[in-house]
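Numbering (this note's numbering), first residue to last: 4 to 298. No residue lacks a Cβ here, since even glycine has one placed at the ideal position from N, Cα and C. Computed from a predicted structure; not experimentally measured. What follows is a single structure, written as structure tokens, with notes after it.
And the structure:
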């Protein structure tokens with residue numbers, strides 16, 4: 004029985020041989036997968052510009068773009084960087100296999116294809132990719148927007164939110180290529196950019212391999228109090244008070260920062276409670292932090 008569409012994985016098969024495409028289309032459909040087909044590397048990139056599959060099978064030797072070319076192109080695509088790629092090849096010499104892995108392949112199968120082996124490898128790679136996506140999603144939910152690149156700025160993987168932010172800052176790759184050797188210390192901000200009311204930063208976490216750098220993406224509102232004002236229907240001063248509450252400041256601290264009396268701050272806090280329905284300082288801080296993180 005075919006799995007419900009919502010749970011079915013999508014697999015893209017890239018091969019210039021129509022017979023191989025037909026064979027894989029039939030076998031994968033029988034296995035419950037949604038199948039996308041491309042007869043060239045260029046056609047595959049066009050497909051991926053609209054739909055990111057869960058796994059890609061690609062022939063090594065094709066006219067125009069080879070499988071290696073396709074793999075390298077996908078590794079520079081933030082949306083597809085984490086998609087596992089399995090090479091299909093009749094070339095079994097060590098140098099060709101190594102070249103596939105160096106280009107970013109997760110696995111390879113030899114031609115003529117042994118379909119049961121292909122299906123088994125697909126299952127293993129999809130399971131591994133699912134676990135990685137779950138881990139990346141957990142990092143996102145914890146507010147840790149991370150990604151890894153080569154020294155040349157090619158993205159190896161990214162958490163979902165980090166990927167979205169990177170797509171909006173094309174200068175990121177140039178900034179990463181310009182990193183000096185030896186690397187600056189962990190915590191160094193390698194790119195800071197403002198766009199409208201938002202400030203985006205890339206911070207070096209450190210080197211996690213010979214050619215792998217781990218970085219953190221930071222995205223903050225330049226005027227976060229405006230977000231609180233809009234979302235909670237507060238006055239400008241009430242929004243400022245709530246912002247400082249979310250940062251752990253006491254009423255006396257806030258009074259000193261805003262250069263107003265302690266009583267004035269307390270009145271603003273009372274108004275915040277009345278307008279939002281919140282009943283404690285802890286609830287107000289948690290709500291403000293959530294709203295700011297969402298934006």
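Is residue i near residue j, with beta carbons less than 8 angstroms apart?
i	j	result
residue 379	residue 50	As shown, the chain starts at 4 and ends at 298. That puts residue 379 outside it, with no answer to give.
residue 156	residue 186	no
residue 287	residue 281	yes
residue 220	residue 168	yes
residue 81	residue 161	yes
residue 57	residue 116	no
residue 218	residue 206	yes
residue 225	residue 197	yes
residue 271	residue 228	no
residue 92	residue 63	yes
residue 118	residue 30	yes
residue 106	residue 71	yes
residue 306	residue 260	The requested residue 306 is not part of the displayed model; the chain covers only 4 to 298.
residue 188	residue 208	no
residue 66	residue 20	no
residue 203	residue 234	no
residue 108	residue 74	yes
residue 60	residue 27	yes
residue 246	residue 275	no
In or out: residue i buried (at least 16 other Cβ within 10 Å) or exposed?
i	result
residue 4	In this prediction, residue 4 scores a pLDDT of 45, lower than 50, which makes its location untrustworthy; no coordinate-derived value is stated.
residue 312	Since the displayed the chain opens at 4 and closes at 298, residue 312 lies outside it and no answer follows.
residue 14	buried
residue 141	exposed
residue 243	buried
residue 195	exposed
residue 264	exposed
residue 257	buried
residue 158	buried
residue 25	exposed
residue 135	exposed
residue 44	buried
residue 279	buried
residue 164	buried
residue 38	buried
residue 139	buried
residue 181	exposed
residue 291	buried
residue 232	buried
residue 253	exposed
residue 78	buried
residue 192	exposed
residue 171	exposed
residue 289	exposed
residue 145	exposed
residue 293	exposed
residue 131	exposed
residue 83	buried
residue 137	exposed
residue 1	Given a span of 4 to 298 for the chain in the structure shown, any question on residue 1 remains unanswerable.
residue 166	buried
residue 133	exposed
residue 175	buried
Would you give the residue range spanned by the beta strand (DSSP E) that residue i belongs to?
i	result
residue 319	Only positions 4 to 298 of the chain appear in this structure, which leaves residue 319 out of reach.
residue 151	149-152
residue 15	13-17
residue 110	110-113
Check for me: the alpha helix (DSSP H) holding residue i runs from which residue to which?
i	result
residue 184	From DSSP, residue 184 is part of no alpha helix (DSSP H); its letter is neither H nor E.
residue 129	118-144
residue 294	284-297
Exercise. Is there contact here, the segment 111-130 with the segment 87-94, by at least three beta-carbon pairs under 8 angstroms?
Worked result: yes
For this session: Flag this pair as touching only if the segment 26-35 and the segment 142-155 have three or more C-beta atom pairs under 8 angstroms; answer yes or no.
Result: Put simply, the segment 26-35 does not touch the segment 142-155. Fewer than three CB pairs are less than 8 angstroms apart.
For this session: Output the residue ranges of the alpha helix (DSSP H) runs that lie fully inside the segment 188-268 and measure 4 residues or longer, sorted by chain position.
Result: The segment 188-268 is shown to contain whole alpha helix (DSSP H) runs of 4 or more residues at 227-235, 239-249 and 254-261, in chain order.
Problem set entry | Runs of alpha helix (DSSP H) lying entirely within the segment 22-99, each at least 4 residues, in chain order | 44-51 and 70-78
For this session: Note down, one range per segment and in chain order, each beta strand (DSSP E) of at least 3 residues found wholly within the segment 155-180.
Result: 158-161
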